[in-house]
Amino acid sequence: MITIKDKHNCSGCTACLNVCTHHAITMQPDTLGFMYPKVNLDICVDCGLCERVCAFNPNYDISTNFPNPQAFAARHKSESEIMRSRSGAAFIAITDEILKQNGVVYGVGYKEHFQVAHKRATTKEQRDEFRGSKYVQSDLTNIFLQVRDDLKCGKTTLFSGTPCQVAGLKAFLGKLNTDNLILLDIVCSGVPSPKFWSNHLDYLERKHQSPVSYVNFRDKEVFGWKALCETYKYGDSHEKKTSHYVFYQPLFFRPSCHVCPFTNLHRPGDITIADFWGWERADSTFNADDKGCSLVLCNTEKGLSLFNRVKKDLKVLPVPLEKVMQNRLKSPTEEPTQKQSFIQYYEKYGYEKALKKYGIIGWRRKILLYKKRILKYLCVSH
Ligand SMILES: Cc1cc2nc3c(=O)[nH]c(=O)nc-3n(C[C@H](O)[C@H](O)[C@H](O)COP(=O)(O)OP(=O)(O)OC[C@H]3O[C@@H](n4cnc5c(N)ncnc54)[C@H](O)[C@@H]3O)c2cc1C
Ligand code: SF4
Ligand code: SF4
Ligand code: SF4
Numbered sequence: 029m030i031t032i033k034d035k036h037n038c039s040g041c042t043a044c045l046n047v048c049t050h051h052a053i054t055m056q057p058d059t060l061g062f063m064y065p066k067v068n069l070d071i072c073v074d075c076g077l078c079e080r081v082c083a084f085n086p087n088y089d090i091s092t093n094f095p096n097p098q099a100f101a102a103r104h105k106s107e108s109e110i111m112r113s114r115s116g117a118a119f120i121a122i123t124d125e126i127l128k129q130n131g132v133v134y135g136v137g138y139k140e141h142f143q144v145a146h147k148r149a150t151t152k153e154q155r156d157e158f159r160g161s162k163y164v165q166s167d168l169t170n171i172f173l174q175v176r177d178d179l180k181c182g183k184t185t186l187f188s189g190t191p192c193q194v195a196g197l198k199a200f201l202g203k204l205n206t207d208n209l210i211l212l213d214i215v216c217s218g219v220p221s222p223k224f225w226s227n228h229l230d231y232l233e234r235k236h237q238s239p240v241s242y243v244n245f246r247d248k249e250v251f252g253w254k255a256l257c258e259t260y261k262y263g264d265s266h267e268k269k270t271s272h273y274v275f276y277q278p279l280f281f282r283p284s285c286h287v288c289p290f291t292n293l294h295r296p297g298d299i300t301i302a303d304f305w306g307w308e309r310a311d312s313t314f315n316a317d318d319k320g321c322s323l324v325l326c327n328t329e330k331g332l333s334l335f336n337r338v339k340k341d342l343k344v345l346p347v348p349l350e351k352v353m354q355n356r357l358k359s360p361t362e363e364p365t366q367k368q369s370f371i372q373y374y375e376k377y378g379y380e381k382a383l384k385k386y387g388i389i390g391w392r393r394k395i396l397l398y399k400k401r402i403l404k405y406l407c408v409s410h
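FYI, the numbering for the sequence shown is 29 to 410, going by this note's numbering.
Here it is, written out as structure tokens:
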């Protein structure tokens with residue numbers, strides 16, 4: 029049976045939970061709010077299925093992949109779609125095609141009070157909630173079972189998520205007929221826990237003395253594609269307020285993200301989407317307005333055939349692989365040296381004090397920014 033001896037070895041994908049027909053596994057949060065499987069020994073019959081299904085290792089299934097992915101720069105032909113998406117709105121173009129076939133799309137939206145969760149969509153209105161990156165680990169409760177039911181009913185189904193979620197779903201489905209399934213993974217640097225996110229919302233609500241009523245993790249409309257800023261609205265106010273980019277801090281990432289086996293070109297999905305950082309190397313005019321450019325990797329015949337059907341909605345440029353190699357296609361995000369001390373401090377003193385102590389908010393951050401500005405000034409003037 030599955031036993032998590034080292035938290036680095038579990039991404040929380042829920043494949044083991046779902047595969048256990050004896051219902052012996054539950055997902056339990058640790059002190060940081062990350063979910064891990066826990067086996068009820070009174071129910072477990074020690075069949076070993078949960079261990080065999082775990083795909084969080086270098087041997088995950090890529091049996092239908094091309095030897096190398098085919099890479100493309102892509103931008104939606106509609107500027108409004110680009111402005112509402114994280115990068116070039118490749119996700120919208122791809123999923124429009126699935127919905128046109130009366131298919132089902134799985135992606136990440138919100139549950140009550142901005143808790144980040146995987147959801148099922150059969151209309152554009154429902155699917156639109158999945159636009160944009162939510163930098164929090166999503167709740168996958170019941171989702172793998174719903175995907176399985178859709179496939180059993182013969183529905184064309186697209187599941188999108190982090191590579192560990194995609195690899196987990198693929199392993200869980202096993203020998204089921206997956207001809208109608210398209211797997212879409214994102215290039216992924218890591219995820220903070222739902223508990224950090226709740227703590228952050230509480231902190232903002234205390235500070236502004238009003239409930240958060242709108243969230244945008246990276247607001248392109250206000251700050252442009254590359255900016256690291258979140259925007260929020262409070263109560264009934266329509267005014268957007270800024271918070272600098274807290275949720276991209278590796279200090280917050282799940283331990284597994286620092287040893288992630290998916291940070292390479294062996295993608296678990298049929299299609300991979302990402303921000304195309306360094307798009308200028310492919311063609312300096314392609315994203316001239318800098319509103320956002322997607323990188324699309326077609327990893328299997330199924331992925332390429334779908335992408336060929338959606339090209340009509342996109343501006344597309346084939347790109348040699350060596351021009352697309354961002355860090356998260358080469359290696360996992362490094363584990364910060366202060367991570368253990370940050371965790372201990374967080375467990376003892378709570379979220380706000382830990383953020384202040386580690387210079388993520390408060391006067392320590394202001395000094396850090398001031399030092400950076402002085403250094404930049406000195407570099408420019410010499
Ligand atoms: C946690 C996280 C880390 C990322 N790290 C990188 C990176 O290092 N480099 C890079 O190039 N791109 C990264 N991305 C991907 C990138 O931000 C865009 O998702 C991608 O460029 C697609 O953009 P788009 O305009 O086509 O569509 P968008 O509309 O922006 O894409 C939305 C897609 O992202 C999925 N999604 C949103 N939030 C989550 C979540 N919490 N968990 C799982 N799936 C989610 C949706 O289901 C949907 O499939 C990351 C995304 C997330 C969520
Ligand atoms: S990675 Fe997934 S399958 Fe493996 S132990 Fe963790 S939750 Fe279970
Ligand atoms: S060993 Fe079998 S019964 Fe026990 S938890 Fe794993 S899948 Fe369930
Ligand atoms: S970095 Fe790897 S382990 Fe972490 S969420 Fe992304 S795919 Fe999963």
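Note that the Cβ used here is the ideal one computed from N, Cα and C, for glycine as well.
**Prompt:** Going by beta carbon distance, what residues of the same chain come within less than 7 angstroms of residue 241, once the five residues before and after it are set aside?
**Reply:** 261, 262 and 263
**Message:** If I follow the unbroken alpha helix (DSSP H) through residue 337, where does it start and stop?
**Reply:** 329 to 338
**Message:** ligand 4 and residue 190: does the residue's C-beta get closer than 6 angstroms to at least one heavy atom of that ligand?
**Reply:** yes
**Item:** Member of 212, 206, 234 and 280 whose CA lies at the smallest distance from the CA of residue 221
**Value:** 280
**Request:** Could you tell me if the beta carbon of residue 161 falls within a distance shorter than 6 angstroms of some heavy atom in ligand 4?
**Result:** no
**Request:** Please list the segments of the beta strand (DSSP E) lying wholly inside the region 295 to 380, counting only runs of 3 or more residues, in order along the chain.
**Result:** 299 to 303, 322 to 328 and 342 to 347
**Asked** Using CA coordinates, which residue listed in 51, 404 and 236 is at the minimum distance from residue 267?
**Response** 236
**Request:** Would you check if there are 3 or more beta carbon pairs closer than 8 angstroms linking the region 86 to 101 to the region 204 to 211?
**Result:** no
**Item:** Sequence-distant residues of its chain with Cβ nearer than 6 angstroms to residue 331 (five each side left out)
**Value:** 298 and 299
**Asked** Quick one: is residue 258 buried, meaning 16 or more other Cβ sit within 10 Å of its Cβ, or exposed?
**Response** buried
**Request:** Could you name each continuous alpha helix (DSSP H) segment of 4 residues or more that falls completely within the region 174 to 261, going from the start of the chain to the end?
**Result:** 191 to 201, 222 to 236 and 248 to 251
**Where the beta strand (DSSP E) through residue 54 begins and ends** = 53 to 57
**Asked** In chain order, what residues of the same chain have a beta carbon less than 7 angstroms from the beta carbon of residue 336, not counting five sequence neighbours either side?
**Response** none
**Message:** Less than 6 angstroms separating the Cβ of residue 43 from some heavy atom of ligand 1?
**Reply:** no
**Prompt:** How about residue 194 and residue 65: do their beta carbons lie closer than 7 angstroms?
**Reply:** no
**Request:** Please go through the same chain and pick out, in chain order, the residues whose beta-carbon is closer than 7 angstroms to the beta-carbon of residue 81, but skip the five residues on each side of it.
**Result:** 43, 44, 47, 199 and 200
**residue 84 Cβ short of 6 angstroms to ligand 2 heavy atom set** = yes
**Own chain partners of residue 71 with C-beta closer than 6 angstroms, once the 5 adjacent residues on each side are dropped** = 50 and 52
**Message:** Can you determine whether any heavy atom of ligand 3 sits closer than 6 angstroms to the C-beta of residue 55, and answer yes or no?
**Reply:** no
**Asked** In whole angstroms, what is the alpha-carbon distance linking residue 185 and residue 32?
**Response** 32 angstroms
**Item:** Beta-carbon contacts of residue 291 that lie in its chain and below 6 angstroms, excluding the five residues immediately before and after
**Value:** 356, 359 and 360
**Asked** With which residues is residue 270 paired in a DSSP beta bridge?
**Response** 259
**Prompt:** Quick one: Cα of residue 245 to Cα of residue 252, how far?
**Reply:** 12 angstroms
**Prompt:** Can you tell me whether DSSP reads residue 278 as helix, strand or coil?
**Reply:** helix
**Prompt:** Exposed or buried, what is residue 109 when buried is set at 16 or more other beta-carbons lying within 10 Å of its beta-carbon?
**Reply:** buried
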